[in-house]
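I have placed the structure first, in the form of structure tokens, so that the comments after it can refer back to it.
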Amino acid sequence: MSANNGQLKKTRIGLLGAVGIIYSLAAAGAYGVEEMISSSGPGLTIILLLLLPIFWALPQAMMISELSSAMPVEGGAYKWIQRAMGEFWAFQFGWSRFLGNYLGTPAFVVLAGDYAASLMGFNGVEKYIFEIVLVVIIVWINIRGLKEVSIINTIISILIIVAFGMVAIIGFMNWNSNPFEPIVPEGQGVVSSMGAGLAIGMWMYMGFYSISAVAGEMENPQIIPKALFITVPLMVLTYLLPTLAGLCSVGQWELWGSDGVSYADIAITYGAPWMGLFFVFIALISQISMYNGYTATSPREFYIISEDCLGPKILAKISPKYGTPKYSILLMGVLSIICCNFDFSSLVILTTFLLMFCIVLIAIAAIILRYKEPKMARPFRVPLGNAGFSIMCLIPILVAVVALYLNGTDYFVFGLITMFSGVIMYILMKRIYGGLYKVDPEKHPINLRTKLATGDLNRISNLMLILAAIGIIGVFFLPYYEDPTYYTDTYGVQNIFDMFIKGILYTSIGFAIIGIVTRIIGKKIDS
């Protein structure tokens with residue numbers, strides 16, 4: 294219930310519609326695997342595509358299924374974390390999602406524009422006009438409601454699955470080489486090869502929890518666990534079978550990439566030339582479905598943050614006609630149009646670290662709630678005891694930590710900076726809008742001296758010390774693992790890698806100082 298304008302509209306979404314939304318959020322085709330093949334090697338790519346579902350995707354699906362069945366509320370994971378860990382950590386999740394999705398999701402619009410330009414020969418201005426029109430249409434669809442979103446994304450998901458299934462069949466019918474050879478590129482170690490592909494693979498198996506953001510608007514949210522357990526194997530098949538088919542038929546693994554050999558080449562080589570254009574069209578609608586899905590889910594989280602008095606109240610307003618958070622959706626559209634001026638790689642940098650942090654917070658919240666609220670009704674309960682469930686949740690946390698250091702030093706630097714921005718924004722939003730204290734002063738008291746929730750100084754200290762430790766480890770590990778010449782070639786600046794490392798060191802020292810000072814102050818005035 295919104296504080297000032299009524300209730301969100303309840304919508305009945307069928308199982309097929311839920312699968313269509315989740316599939317578009319987490320997969321929408323095998324685009325991206327091409328980069329894994331050339332950077333990690335064909336054998337290791339296939340191994341990662343088999344292992345990541347077990348150690349990354351399945352644990353996510355399991356814990357999200359349990360939590361969404363227990364708490365099918367608007368805002369989803371944001372509310373789970375708030376219940377388990379409090380207002381501060383929930384805001385860190387929400388802010389990370391805001392940066393990752395409001396500013397990162399326009400990457401799908403940029404890619405859609407690129408595919409449209411290749412199909413229709415757009416120049417730069419025409420491409421940008423296409424992107425603006427696309428954003429306007431998607432925003433309009435989302436303001437109308439979830440039903441329209443689910444119908445569109447289900448149709449697109451079916452087309453994508455059919456297209457990749459067709460490619461897999463054509464490829465397997467023309468098997469002529471071993472798809473596993475070589476395991477890694479010649480002269481490249483297993484660890485460095487894994488680092489090159491792990492981040493892409495993890496990104497391709499993320500997005501499951503986004504569906505939880507709209508659970509409060511679903512008449513039948515208990516279908517979410519069923520939809521997740523259909524979507525995960527569907528994703529694995531979408532990624533694995535066409536990749537095997539392409540490697541065993543077309544080969545040329547070292548040339549695979551977004552600008553090189555791709556799945557379309559399987560159809561072109563052994564099918565017909567027109568299939569190349571057809572696959573570009575599939576790629577175009579794939580990006581549209583992903584943008585449509587994230588425009589449906591992301592604004593719901595910022596809507597609920599604003600309802601909790603941690604954001605502008607206008608974003609908590611609901612359309613009286615359609616029962617949707619129209620201003621949150623409109624904000625995403627405006628930011629998308631602005632961000633379309635940036636290239637794809639710049640937008641992707643905004644997402645990786647932040648979305649991994651979100652999954653870590655969800656996993657921690659799931660563990661805490663198992664112990665903190667053992668009697669909570671869980672229509673779907675992972676069939677493991679608390680210890681086994683905790684181990685299952687710790688696995689994706691471990692994978693995320695490993696990927697953090699293998700993902701790239703530039704991503705690492707940006708991640709540290711954006712994490713600190715979450716602390717600054719929480720303090721500002723809490724002081725400006727009041728937070729949960731304004732909603733219920735007795736249940737959510739504040740420290741009258743800091744104007745923050747009781748205990749927030751210790752929470753800020755904990756986050757700062759964790760970030761400092763992560764940074765210090767990076768200072769020692771990254772020079773050992775990374776190749777400085779890569780960054781010189783990429784950014785065109787001599788010694789930029791050393792500048793990154795020094796930046797991480799000084800930033801980590803700063804975080805440590807902030808953490809220690811806030812801990813000391815917290816013991817005196819906030820205990």
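As numbered in this note's numbering, residues 294 to 820 make up the sequence shown, in order.
C-beta: ideal position from N, C-alpha, C; glycine also.
Computed from a predicted model, the values in this text were never measured in an experiment.
The C-beta distance from I559 to A576 rounds to 14 Å, too long to meet the 8 Å contact threshold. Collapsing the DSSP output to three states places T304 in a strand. In the three-state reduction of the DSSP assignment, M511 falls in the strand class.
In the three-state scheme derived from DSSP, where H, G and I count as helix and E and B as strand, A746 is classed as strand.
Taking the Cα positions, A409 is about 40 Å away from Y719. DSSP, read as helix, strand or coil, puts V554 in strand. DSSP, read as helix, strand or coil, puts W549 in strand. The beta carbons of G509 and V366 sit closer together than 8 Å. Listed in chain order, the beta strand (DSSP E) elements of length 3 or more contained wholly in the segment 458–496 amount to none. A direct Cα-Cα distance of roughly 58 Å separates N467 from G803. When only Cα atoms are considered, A761 and S582 end up about 38 Å apart. In the DSSP assignment, the residues bridged to I739 are A746. In its chain, beyond the 5 residues on either side, A320, G322, A323, I454, F457 have a beta carbon closer than 7 Å to the beta carbon of T531. Here M685 is buried, its C-beta having at least 16 other C-beta atoms within 10 Å. A straight line joining the alpha-carbon of M712 with that of G494 spans about 23 Å. Between L308 and I739, the alpha-carbon positions lie close to 43 Å from each other. Taken in chain order, the complete alpha helix (DSSP H) segments of 4 or more residues contained in the segment 344–431 are 351–363, 370–378, 380–390, 399–413. Membership of E666 in any alpha helix (DSSP H) is not indicated, and neither H nor E is assigned to it by DSSP. If you check the CB distance, L521 and I315 come in under 8 Å. Here DSSP, grouped into helix, strand and coil, assigns L533 to helix.
Rounded to the nearest whole angstrom, the C-alpha separation of Y371 and I597 is 8 Å.
Here N788 is not near T617, since their CB atoms are 8 Å or more apart. At the C-beta level, V543 and L439 stay beyond 8 Å of one another.
For V706, the uninterrupted alpha helix (DSSP H) run begins and ends at 702–726, by DSSP. Per DSSP, T800 is one residue of the alpha helix (DSSP H) stretching across 789–818.
Rounded to whole angstroms, I517 and T590 show a C-alpha spacing of 14 Å.
In the three-state scheme derived from DSSP, where H, G and I count as helix and E and B as strand, A565 is classed as coil.
Exclusion of the five residues before and after G387 leaves Y371, E594, I598 as the residues of its chain whose Cβ lies within less than 6 Å of its Cβ. Within a 10 Å sphere around the beta-carbon of D782 sit fewer than 16 other beta-carbons, which makes this residue exposed. With a 10 Å radius around the Cβ and a threshold of 16 neighbouring Cβ atoms, E359 comes out buried.
Scanning its chain for C-beta atoms nearer than 7 Å, with the 5 sequence neighbours on each side dropped, one finds around G564 the residues I463, in chain order. Here the C-alpha atom of I710 lies approximately 15 Å from the C-alpha atom of V768. The Cβ atoms of Q375 and A383 lie closer than 8 Å to each other. Rounded to the nearest angstrom, the gap between the Cα atoms of L687 and M413 is 47 Å.
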